[in-house]
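Residue numbers (the UniProt record's numbering), protein chains in the order written: chain D, 1 to 339; chain V, 1 to 339.
All C-beta atoms, glycine included, are put in the ideal place defined by N, C-alpha and C.
Report on the following structure.
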DNA sequence: CTGAAAGCGCTTACAG
DNA sequence: CTGAAAGCGCTTACAG
């Protein structure tokens with residue numbers, strides 16, 4: 001059943017049927033009703049791909065995620081999807097599983113006009129490459145940040161957040177503070193490490209190079225790297241982890257080593273994932289406004305798709321240090337708890 | 001830049017360019033090379049929507065998920081996506097957030113031929129409706145199960161799994177066993193409740209009607225319903241929760257009430273989500289083969305798309321009771337632990 | 001307010 | 001092995 005069949009049954013032209021569907025105000029009330037009756041009667045559904053082809057709009061946006069399994073990204077995704085759906089867009093989800101090759105493949109979908117725009121939640125490709133694509137296609141980067149990249153970007157200030165997290169440990173009196181990074185080829189990992197280093201140096205604290213261990217975002221890596229740290233001759237008394245997953249691994253490692261958190265090992269996480277307030281001790285962590293990041297990114301993308309100009313390229317969202325139990329407390333510090 | 005432009009530059013017909021792209025073996029080696037050279041030189045990308053329109057294939061499959069945020073579904077999704085990508089399909093993700101209206105909207109995409117097929121991870125629509133759609137479009141149901149529905153379905157046997165979980169508590173000597181269900185309009189919730197009832201009845205145990213409390217899948221609801229249960233005059237000594245999230249909520253509620261799990265309250269979960277082995281006490285739970293369910297569902301969908309017939313309609317995957325710490329132990333029971 | 005006609009960019013059956 | 005031509009199902013500028 002196609003539009004011309006409906007037209008015949010309703011004794012109108014295909015053009016009129018098309019108008020009833022897309023611009024009903026252009027059609028007289030009687031004609032409109034006649035056409036709608038036929039459509040309902042035969043349960044006609046327009047062939048969307050034909051429309052996409054004709055209008056050169058797919059009403060699809062592509063979201064490239066490094067890990068769909070992560071509690072952090074699924075919240076960002078939800079922000080994106082809400083705005084997308086409210087504006088008549090569908091979301092194609094591209095899960096790269098942190099594989100740069102798969103990232104390229106998904107970006108290809110954009111080049112082939114399979115989507116009207118793209119939100120990247122990961123950007124491991126090189127800068128010039130990304131900038132070139134962004135000149136020709138609507139594209140927004142979120143969460144990951146690339147220095148000097150001329151593409152609209154939504155993220156928190158990872159360096160200062162990491163500095164804040166580390167300084168929290170310093171204020172509590174810790175001097176031997178370790179850091180478990182993310183994969184070091186990811187810019188975010190280097191940013192947060194930078195923040196850690198800034199905090200340590202500005203307080204004249206030494207960083208034993210064994211105190212910096214590279215993780216891979218996973219609970220297991222947080223666990224294993226903490227075991228390594230605790231096995232050092234001069235083990236740290238506190239750990240700042242790149243994310244909550246690894247922070248939870250750190251706590252587990254401490255427990256399995258007969259240590260207690262926060263008494264023997266203070267731990268700070270990052271992201272404020274749901275589980276961070278369930279695990280015991282509750283994690284002190286940096287909150288990222290996950291939903292809002294996704295929302296903002298999609299709003300920017302819509303502007304680009306609609307040809308509006310974006311005056312600002314960088315959007316820095318507000319982070320927040322959430323103090324819970326995993327670092328212990330200092331009477332001087334005001335306590336805040338979030339469930 | 002379109003195909004005809006490439007054709008001109010290479011001094012061939014558009015048909016030949018098309019063949020080089022889709023059926024290179026039909027083109028002589030020299031011609032092929034000549035065309036490929038031009039394609040690379042001008043960086044030509046075919047317009048996929050035009051191809052979709054012409055071939056009536058989108059190479060897209062739609063996955064309808066009740067909650068993208070859930071650790072359980074994201075694993076199933078990954079199984080689906082792996083098989084999809086390996087077979088040249090893209091995934092459109094439809095997150096319904098447990099809203100039946102949004103479920104309908106996504107299914108509409110299928111009716112409008114926006115996708116070649118669909119995997120439903122939630123089926124709240126009525127049976128006749130679904131069966132009719134399934135007669136005309138490739139469709140597979142996974143995780144949720146609908147009795148007597150004539151649509152290929154991949155799931156575990158929820159009733160017997162729930163029975164097994166409850167019987168585990170009974171074997172440990174519990175007689176006052178409560179159950180926190182999922183939303184009762186969801187078939188899975190009723191199935192698992194049925195299994196719970198079967199276990200209780202076959203052991204001649206009474207079910208106090210206050211022992212059955214309806215949750216909404218969330219940690220918070222598990223927490224609140226457990227608080228309610230513990231406030232009963234004759235509180236239960238064990239809880240079987242519909243899923244791990246709510247089981248974790250139950251444990252937290254016990255702790256906050258000054259009780260210890262498993263000593264004062266034994267808890268069994270369902271799904272064997274990652275966090276179930278991180279939380280303390282580690283959850284005893286039913287493992288669902290999440291990745292395999294997704295994989296199997298997508299494999300079936302591919303068969304349907306390719307016009308192959310499926311002789312069997314129901315695929316029941318193997319579950320497993322994972323005994324960890326949250327129910328305590330009984331010397332008679334063999335311990336198994338999974339990290 | 002409505003219709004006739006062109007055309008979006010591919011693929012493929014057919015002919016040679 | 002290659003090309004000419006038709007056609008997939010819509011939308012829209014144009015004419016009336």
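From the DSSP output, in three-state form, read off residue i for me.
| i | result |
| --- | --- |
| residue 227 (chain D) | helix |
| residue 215 (chain D) | coil |
| residue 314 (chain V) | strand |
| residue 200 (chain D) | helix |
| residue 115 (chain D) | coil |
| residue 320 (chain D) | strand |
| residue 294 (chain V) | helix |
| residue 205 (chain V) | coil |
| residue 55 (chain D) | helix |
| residue 400 (chain V) | Nothing can be reported for residue 400 (chain V), as the shown portion of chain V is limited to 1 through 339. |
| residue 31 (chain D) | helix |
| residue 38 (chain D) | helix |
| residue 63 (chain V) | strand |
| residue 187 (chain V) | helix |
| residue 180 (chain V) | strand |
| residue 3 (chain D) | helix |
| residue 46 (chain V) | coil |
| residue 195 (chain V) | helix |
| residue 305 (chain D) | helix |
| residue 356 (chain V) | Past the boundaries of the shown model lies residue 356 (chain V); chain V is included only from 1 to 339, so the question cannot be answered. |
| residue 18 (chain D) | helix |
For residue i, which residues of its own chain have a beta-carbon under 7 Å away from its beta-carbon, when the five flanking residues on both sides are left out?
| i | result |
| --- | --- |
| residue 130 (chain V) | 123, 149, 151 |
| residue 235 (chain D) | 229 |
| residue 334 (chain V) | Any reading at residue 334 (chain V) must be qualified, since the residue scores a pLDDT of 41, below 50, and its modelled position is unreliable; the value itself is stated next. There are no such residues. |
| residue 77 (chain D) | 63, 65, 294 |
| residue 314 (chain D) | 153 |
| residue 189 (chain D) | 181, 182, 183, 242 |
Taking buried to mean at least 16 other C-beta atoms within 10 Å of its own C-beta, is residue i buried or exposed?
| i | result |
| --- | --- |
| residue 75 (chain V) | buried |
| residue 114 (chain V) | buried |
| residue 63 (chain V) | buried |
| residue 225 (chain V) | buried |
| residue 126 (chain D) | exposed |
| residue 272 (chain D) | buried |
| residue 285 (chain V) | buried |
| residue 158 (chain V) | buried |
| residue 243 (chain D) | buried |
| residue 288 (chain D) | buried |
| residue 338 (chain V) | Any answer about residue 338 (chain V) is weak, because its pLDDT of 37 lies below 50 and its placement is not dependable; what the coordinates show is given next. With fewer than 16 other Cβ atoms within 10 Å, it is exposed. |
| residue 121 (chain D) | buried |
| residue 274 (chain V) | buried |
| residue 136 (chain D) | exposed |
Would you grab the beta carbon distance between residue i and residue j for me? Rounded to a whole angstrom, and I think it's under 8 Å.
| i | j | result |
| --- | --- | --- |
| residue 84 (chain V) | residue 298 (chain V) | 6 Å |
| residue 166 (chain D) | residue 196 (chain D) | 5 Å |
| residue 303 (chain V) | residue 310 (chain V) | 6 Å |
| residue 68 (chain V) | residue 93 (chain V) | 7 Å |
| residue 343 (chain V) | residue 47 (chain D) | There is no way to answer for residue 343 (chain V), as the model of chain V reaches only from 1 to 339. |
| residue 266 (chain D) | residue 327 (chain D) | 4 Å |
Between residue i and the rest of its own chain, which residues show a CB-CB distance below 6 Å, the 5 nearest in sequence each way excluded?
| i | result |
| --- | --- |
| residue 205 (chain D) | 175 |
| residue 44 (chain V) | 1, 6 |
| residue 170 (chain D) | 203 |
| residue 357 (chain D) | This structure cannot speak to residue 357 (chain D), because chain D is shown only from 1 to 339. |
| residue 249 (chain D) | 219, 222, 223 |
| residue 140 (chain V) | 119, 152, 297, 300, 301 |
| residue 156 (chain D) | 288, 317, 319 |
| residue 279 (chain D) | 248 |
| residue 102 (chain V) | 96 |
| residue 17 (chain D) | 3, 6, 7, 35 |
| residue 40 (chain D) | none |
Report all residues from its chain with a CB closer than 8 Å to the CB of residue i; omit the five preceding and five following residues, and keep chain order.
| i | result |
| --- | --- |
| residue 19 (chain D) | 26, 27 |
| residue 88 (chain V) | 59 |
| residue 255 (chain V) | 261 |
| residue 24 (chain V) | 32 |
- Query: Residue ranges of each beta strand (DSSP E) run of no fewer than 3 residues wholly in the region 219-292 of chain D, ordered along the chain?
  - Reply: 238-241, 266-268, 285-287
- Message: At 3 residues or longer, what runs of the beta strand (DSSP E) sit wholly inside the region 121-171 of chain V?
- Response: 139-142, 153-156
- Message: To test your reading of the DSSP string, which unbroken alpha helix (DSSP H) runs of 4 or more residues are found completely within the region 75-115 of chain D?
- Response: Annotation: the region 75-115 of chain D contains the following complete segments of the alpha helix (DSSP H) (minimum length 4 residues), in chain order: 100-111.
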